[in-house]
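Asks:
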Amino acid sequence: MKQTAQDIAELVDGELRGDGSQILGSVASLRNAGPHDLTYAEDKFHGEVKQSRAGCVIVGSGEFAGRTIIVVKNPKLAFARAAQVLMIAENEARAVHPSAIVADDAAIGKRVKVGAGAVIESGVTIGDNSIVEAGCFVGRFSRIGEGCTIHPRVVIYHDVEIGNRVIVHAGAVIGADGFGYVRDRTELVKFPQAGRVVIEDDVEIGANTCIDRGSLETTIIRRGVKLDNLVQVAHNVQIGENTLIAAQTGISGSCSIGPESMIGGQVGMGEQAELGPGTIIGGQGGVLKGKRVKGGEVLFGTPVRPLKDFLAEQAHLARLPRISGELRRLRREWDELKKKLTKSFDV
Amino acid sequence: MKQTAQDIAELVDGELRGDGSQILGSVASLRNAGPHDLTYAEDKFHGEVKQSRAGCVIVGSGEFAGRTIIVVKNPKLAFARAAQVLMIAENEARAVHPSAIVADDAAIGKRVKVGAGAVIESGVTIGDNSIVEAGCFVGRFSRIGEGCTIHPRVVIYHDVEIGNRVIVHAGAVIGADGFGYVRDRTELVKFPQAGRVVIEDDVEIGANTCIDRGSLETTIIRRGVKLDNLVQVAHNVQIGENTLIAAQTGISGSCSIGPESMIGGQVGMGEQAELGPGTIIGGQGGVLKGKRVKGGEVLFGTPVRPLKDFLAEQAHLARLPRISGELRRLRREWDELKKKLTKSFDV
Amino acid sequence: MKQTAQDIAELVDGELRGDGSQILGSVASLRNAGPHDLTYAEDKFHGEVKQSRAGCVIVGSGEFAGRTIIVVKNPKLAFARAAQVLMIAENEARAVHPSAIVADDAAIGKRVKVGAGAVIESGVTIGDNSIVEAGCFVGRFSRIGEGCTIHPRVVIYHDVEIGNRVIVHAGAVIGADGFGYVRDRTELVKFPQAGRVVIEDDVEIGANTCIDRGSLETTIIRRGVKLDNLVQVAHNVQIGENTLIAAQTGISGSCSIGPESMIGGQVGMGEQAELGPGTIIGGQGGVLKGKRVKGGEVLFGTPVRPLKDFLAEQAHLARLPRISGELRRLRREWDELKKKLTKSFDV
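Protein chains in written order, with this note's numbering: chain F, 1 to 347; chain G, 348 to 694; chain C, 695 to 1041.
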């Protein structure tokens, strides 16, 4: 949505210097930006501001003669906030596409887009200003809040509850059956997966990520959580507010993760593990089944251990050849000594 | 499908105590269950049975005055079996949706549902009582047996054979080309992926899981296998009966896994590895290319090794700092002794 | 596409021996091949050529009386090249399916197939001879080159550029938003993902693989790259020509991988890591954030290290129990000696 530099300065509570009437319509990097693009520069890139063709640059301080700039405390944050406004599509068609299959009793809000071929089943609610893109499937009695964007080909099973301003990327699957069986001799009998999924406000879910429904309880993704692509969230998992989980991480059944945690890519968590608030786990870390982690720790490795232990261990591992050699030397010297002592003193 | 408590008692071959006419329509946890829900309680939760509002509780033993209970040997297993009956949808529409694109020569059985926008190509067979949900794609000459549930947006390529009572969750892809190339200097020439996929009866396949077709042979998933979400099964793999594979595990080309094995999440198997019957591999384990594992072993780590070796190694690793310190002390004492000996005895 | 043995011999520049008029219509393994199948045999399988029912066998040398064979230097490569011709579908319908939703201003080339229910948005270009299968979504202003095959249910977001002869398997998602946020106290503010994706000629992309668009730059997959299933490619990544990446590998933001590299399955790369040309990384390897690797190395483990270091470390690890034992023995002998020395000589 087009804005003037002045509008943006007000939006980010910054100080405008230069031409406040400059029209901005999109964002770009300092290097690629053109006259209608907003960009930003961290201090170390101030040298490049002069050459930039950007219509407006958000910076933290400094003078840039002849350039339109906005000065704020945190330029990257201000740029991110401004970009959200600039990237709102204008004049976008908001209607139910004639090829969409919408149940008669579905409740579709105002200014809702339902894309081509999307299927909205019986009892579904979709809040105002939400977009459900082409080819999505929304199962019986699921609810989508206001201002959501559900990208193409997302599958939402029945009885899933999604809050407001939630973004779900293409191919994600929400509410599939969890993985639970009871062995009867060799046969595996399916345990019922009859629970629900609740996804709170402001969550973003990556492409082809899977969030399973609870077995008899509810899988809960709290407000502000961000999940990257190809993440697996099993049944009955709870993820606390504003936690970030990078791509290809897998969270087993009944785990809980505290708020404001940061989980790296390809991390694996065994069943019923619990991470306290603000836990940080490095990429490919492995959390054993049932493990309890207090809040605020930085953990690495498989099984995960505090970063400083992990680094110490890496250092010790690197020293292993030397340890081995030193031990051999000691043994040799020692055997020689014993021989001498035996000869000389008959010890 | 609604049942009386008496019906359920007969189904699970249990002993009914209380009101056999109680109508049950669904399942829930002991804590959440209402008067029309069936639930179960392991011995350690017997204290909670009294407060539960459940219509009927399956237990292993005990007296619960005023409650309708069913006594069986294995309550969880009986509950799972009963749930399968209670969770059958009643009066579900079973028809080919008018927006589905079904080839003239496809053979569609009785009481089959083909959902909105599904594409059924030429030569396809779908057996009686199967459900192919909205947006699925079933390629040329593929066959789906009886009583299957193919959830929305599943893609089944051509010439794939699926048995009876198979469940495939949303977004799964069955029969895509395997990953095979022949290098011609720098260029990578595609090796033909002309084989098939066979999936036997009672298999369940998780959301967004991928099973590649054979290159010149057949990828085979045997009866009763359960695959979790986001699993990768490469070309020419064979997985034995009733094996469980947890989320995000990857099985490389031409591997074989014996029956009744349990493979944890995020396990990786290199090409042509072979696991014997009843192999158990812990999460994130790595099986080297070409590795042979006899049946019945419990393996952990990368590369996988027997659990007891893995634990011993972990213990040794934890002791490394102490080993290092002890070695330094020995060296120091030794050097001191040498000095003394040299001085005193001229050794 | 049917060919005679003579046609194939000319195609692969080989020497035909036997019946050049033999009609070949497909490929199969030496064991499964029938009279209209082409197959190949490496030297070690020459013993099986005689029993094979194949219409024609490509070999590296030798005499096979009564069989139609083609002699070339590299039988597997010749077979792969021949298979590409034999596997071209004949008489395939090439049209826009009436149920496809194609924007008025989309530019659709000649002999293009757009499958049932596919959605082609405004400003899209699709080159001659390309196939966009059922249920695909191609977003605004994206371009697909000539001779491409986009399998069912692929989602291509807006402003994605795809070259010629690119193959994309079912469920892949190209151009979804990268994973970038700026923390404002506890809140996570979305950083704009306004960049593009460029996929050059002859790339193949596996099922359910995700390639994110750049944030402010471009994600680039160079000519001839092959990505397996369930691979994650984050924003701003660059992958060099003819590089192979196996299943479930994850490449974090702003990484670059040199040409002709081979990355195993389930490898993880931290942000901004750079691999030189011809790098080989074994399965489950982990590359730390910001790591630089010169070209031509073979790396294993987490964090990755040269294969010989990795193997040495494995050997040392296996020796740890012995090291531990030896150290205890030394200590014991040493303590005994000290006692004796003290007693005898008052050292």
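Backbone N, C-alpha and C fix where the C-beta goes; we use that ideal spot for every residue, glycine too.
It should be emphasised that the depicted structure is a prediction, and the values quoted were computed from it without experimental measurement.
Quick one: complete alpha helix (DSSP H) runs, 4+ long, within the segment 95 to 159 of chain F?
Replies: none
Asks: Are the C-beta of residue 79(F) and some C-beta of chain C separated by less than 9 Å?
Replies: Residue numbering aside, residue 79(F) sits at position 79 when the first sequence is read from its first letter. Yes, contact with chain C.
Asks: Since residue 365(G) and residue 415(G) are thought to touch, with beta carbons under 8 Å apart, how far apart are those beta carbons, to the nearest angstrom?
Replies: As a first step, residue 365(G) must be located in the second sequence, where it is residue number 18. As a first step, residue 415(G) must be located in the second sequence, where it is residue number 68. Correct: roughly 3 Å between the Cβ atoms.
Asks: Taking residue 34(F) as the query, report the chain G residues whose CB atoms sit under 8 Å from its CB, ordered along the chain.
Replies: Taking the first residue of the first sequence as 1, we reach residue 34(F) at position 34. None at all; the shortest Cβ gap to chain G is about 37 Å.
Asks: Could you tell me the boundaries of the beta strand (DSSP E) in which residue 300(F) lies?
Replies: The residue given as residue 300(F) occupies position 300 in the first sequence. From DSSP, the beta strand (DSSP E) with residue 300(F) extends over 298 to 300.
Asks: Identify every run of the beta strand (DSSP E) within the segment 910 to 963 of chain C, keeping only runs that are complete inside it and at least 3 residues long; order them along the chain.
Replies: Those beta strand (DSSP E) runs which fall completely within the segment 910 to 963 of chain C and span 3+ residues are 912 to 915.
Asks: Closer than 8 Å, Cβ to any Cβ of chain F: which residues of the segment 799 to 825 of chain C, in chain order?
Replies: 811, 813
Asks: Tell me the rounded alpha-carbon separation between residue 612(G) and residue 630(G).
Replies: Counting from one through the second sequence, the residue named residue 612(G) turns up at place 265. Counting from one through the second sequence, the residue named residue 630(G) turns up at place 283. Taking the straight line joining both Cα atoms gives about 5 Å.
Asks: Can you tell me the Cα-Cα spacing of residue 883(C) and residue 354(G), whole angstroms?
Replies: Residue numbering aside, residue 883(C) sits at position 189 when the third sequence is read from its first letter. Residue numbering aside, residue 354(G) sits at position 7 when the second sequence is read from its first letter. Rounded to whole angstroms, residue 883(C) to residue 354(G) spans 55 Å at the Cα level.
Asks: Using a Cβ-Cβ cut-off of less than 7 Å, give me the residues of the segment 388 to 406 of chain G that come near chain C, in sequence order.
Replies: none
Asks: Could you spell out the range, first to last residue, of the alpha helix (DSSP H) harbouring residue 362(G)?
Replies: Sequence index remark: in the second sequence, residue 362(G) carries index 15 (1-based). Premise fails: residue 362(G) lies in the beta strand (DSSP E), 362 to 364, not in any alpha helix (DSSP H).
Asks: Using a Cβ-Cβ cut-off of 6 Å (strictly less than) and excluding sequence neighbours within five positions of residue 846(C), which residues of its own chain qualify?
Replies: Residue mapping note: residue 846(C) aligns to position 152 of the third sequence, counting from 1. Excluding sequence neighbours, residue 846(C) sits near 827, 828, 829, 864.
Asks: Which of the three DSSP states, helix, strand or coil, is assigned to residue 1027(C)?
Replies: Indexing the third sequence from 1 puts residue 1027(C) at position 333. In the structure shown, residue 1027(C) sits in a helix (DSSP, three-state: H, G or I).
Asks: If I'm right that residue 181(F) touches residue 591(G) with Cβ under 8 Å, what's the distance once you round it to whole angstroms?
Replies: Along the first sequence, read from residue 1 onward, the residue named residue 181(F) stands at position 181. Along the second sequence, read from residue 1 onward, the residue named residue 591(G) stands at position 244. With a Cβ gap of about 7 Å, residue 181(F) and residue 591(G) count as contacting.
Asks: Would you call the segment 29 to 36 of chain F and the segment 87 to 95 of chain F in contact, with 3 or more CB pairs under 8 Å?
Replies: no
Asks: Taking residue 737(C) as part of the alpha helix (DSSP H), name the residues at either end of that continuous run.
Replies: As a working note, residue 737(C) is residue 43 in the third sequence. For residue 737(C), there is no enclosing alpha helix (DSSP H), as DSSP marks it with neither H nor E.
Asks: With 16 as the cutoff for other CB atoms within 10 Å, does residue 451(G) come out buried or exposed?
Replies: In the second sequence, the residue the question calls residue 451(G) occupies position 104. Looking at its Cβ environment, which holds fewer than 16 other Cβ atoms inside 10 Å, residue 451(G) is exposed.
Asks: Comparing the C-beta of residue 589(G) with each C-beta of chain F, is any distance below 9 Å?
Replies: Sequence index remark: in the second sequence, residue 589(G) carries index 242 (1-based). For residue 589(G), the answer is yes, since a Cβ of chain F falls inside 9 Å of its Cβ.
Asks: Between residue 351(G) and chain C, is there a C-beta pair that is closer than 9 Å?
Replies: Counting from one through the second sequence, the residue named residue 351(G) turns up at place 4. It does not; no Cβ of chain C falls within 9 Å.
Asks: Assign residue 963(C) to buried or exposed, taking buried as 16 or more other Cβ atoms, counted over all protein chains shown, within 10 Å of its Cβ.
Replies: On the third sequence, position 269 is the one that residue 963(C) refers to. Buried.
Asks: Taking Cβ positions only, does residue 559(G) come closer than 9 Å to chain F?
Replies: Reading the second sequence from its first residue, position 212 is the one you call residue 559(G). No, no contact with chain F.
Asks: Would you mind telling me which residues of chain C sit closer than 7 Å to residue 663(G), beta carbon to beta carbon, in chain order?
Replies: Translated into the one-based positions of the second sequence, residue 663(G) becomes position 316. Residues of chain C passing the Cβ test: 1014, 1015, 1018.
Asks: Mind checking if residue 446(G) is an interface residue toward chain C, Cβ cutoff 9 Å exclusive?
Replies: Numbered from its first residue, the second sequence carries residue 446(G) at position 99. Yes, its Cβ sits closer than 9 Å to a Cβ of chain C.
Asks: Tell me which residues of the segment 528 to 542 of chain G have at least one Cβ-Cβ distance to chain C shorter than 7 Å, keeping chain order.
Replies: The segment 528 to 542 of chain G vs chain C, Cβ under 7 Å: 528, 529, 531, 533, 534, 535, 536, 537, 538, 539, 541.
Asks: Strictly under 9 Å for the Cβ-Cβ distance: is residue 219(F) near chain C by that measure?
Replies: Residue numbering aside, residue 219(F) sits at position 219 when the first sequence is read from its first letter. No, residue 219(F) lies away from the interface with chain C (no Cβ there is under 9 Å from its Cβ).
Asks: Run down chain F in chain order and give the residues with a C-beta less than 7 Å from the C-beta of residue 969(C).
Replies: Counting from one through the third sequence, the residue named residue 969(C) turns up at place 275. Taking a Cβ-Cβ cut-off of 7 Å, residue 969(C) has no neighbours in chain F, whose nearest Cβ is about 16 Å from it.
Asks: Can you check whether the CB of residue 256(F) is closer than 9 Å to the CB of residue 237(F)?
Replies: What you label residue 237(F) is simply residue 237 of the first sequence in a count that begins at 1. What you label residue 256(F) is simply residue 256 of the first sequence in a count that begins at 1. Yes, these two residues count as a Cβ contact at 9 Å.
Asks: Give the residues from the segment 635 to 648 of chain G that approach chain F closer than 9 Å (Cβ to any Cβ), ordered along the chain.
Replies: 648
Asks: Near residue 12(F), what residues of its chain come up, given a Cβ to Cβ distance below 6 Å and the 5 sequence neighbours on each side ignored?
Replies: Along the first sequence, read from residue 1 onward, the residue named residue 12(F) stands at position 12. For residue 12(F), where only same-chain residues beyond five positions count, the Cβ hits under 6 Å are 72, 78, 81, 82.
Asks: Closest to residue 595(G) by C-alpha separation, out of 240(F), 234(F), 224(F), 261(F), would be which residue?
Replies: As a working note, residue 595(G) is residue 248 in the second sequence. The residue with the shortest Cα to Cα distance from residue 595(G) is 234(F).
Asks: Counting only beta-carbon separations shorter than 9 Å, does residue 488(G) have a partner in chain B?
Replies: Although the question refers to chain B, the structure presented lacks it and instead comprises the protein chains F, G and C.
Asks: Could you check the C-alpha separation between residue 23(F) and residue 792(C) for me, to the nearest Å?
Replies: If you number the first sequence from 1, residue 23(F) lands on position 23. If you number the third sequence from 1, residue 792(C) lands on position 98. Going by the C-alpha atoms only, they are around 42 Å apart.
Asks: Considering only residues of the same chain and omitting the five flanking positions on each side of residue 168(F), which have a CB-CB separation below 6 Å?
Replies: Taking the first sequence and counting its residues from 1, one reaches residue 168(F) at position 168. Excluding sequence neighbours, residue 168(F) sits near 150, 154, 205.
Asks: Please tell me whether residue 548(G) has its Cβ less than 9 Å away from any Cβ of chain F.
Replies: Taking the first residue of the second sequence as position 1, residue 548(G) is located at position 201. By this cut-off, residue 548(G) is not an interface position.
Asks: Over the uninterrupted alpha helix (DSSP H) stretch that includes residue 635(G), give me the two end residues.
Replies: Your numbering for residue 635(G) matches position 288 in the second sequence. Segment: none, residue 635(G) is in no alpha helix (DSSP H) and carries neither H nor E.
Asks: Output the distance between the C-alpha atoms of residue 770(C) and residue 704(C), rounded to the nearest integer angstrom.
Replies: Walking along the third sequence from the start, residue 770(C) turns up at place 76. Walking along the third sequence from the start, residue 704(C) turns up at place 10. Distance between the alpha carbons of residue 770(C) and residue 704(C): 16 Å.
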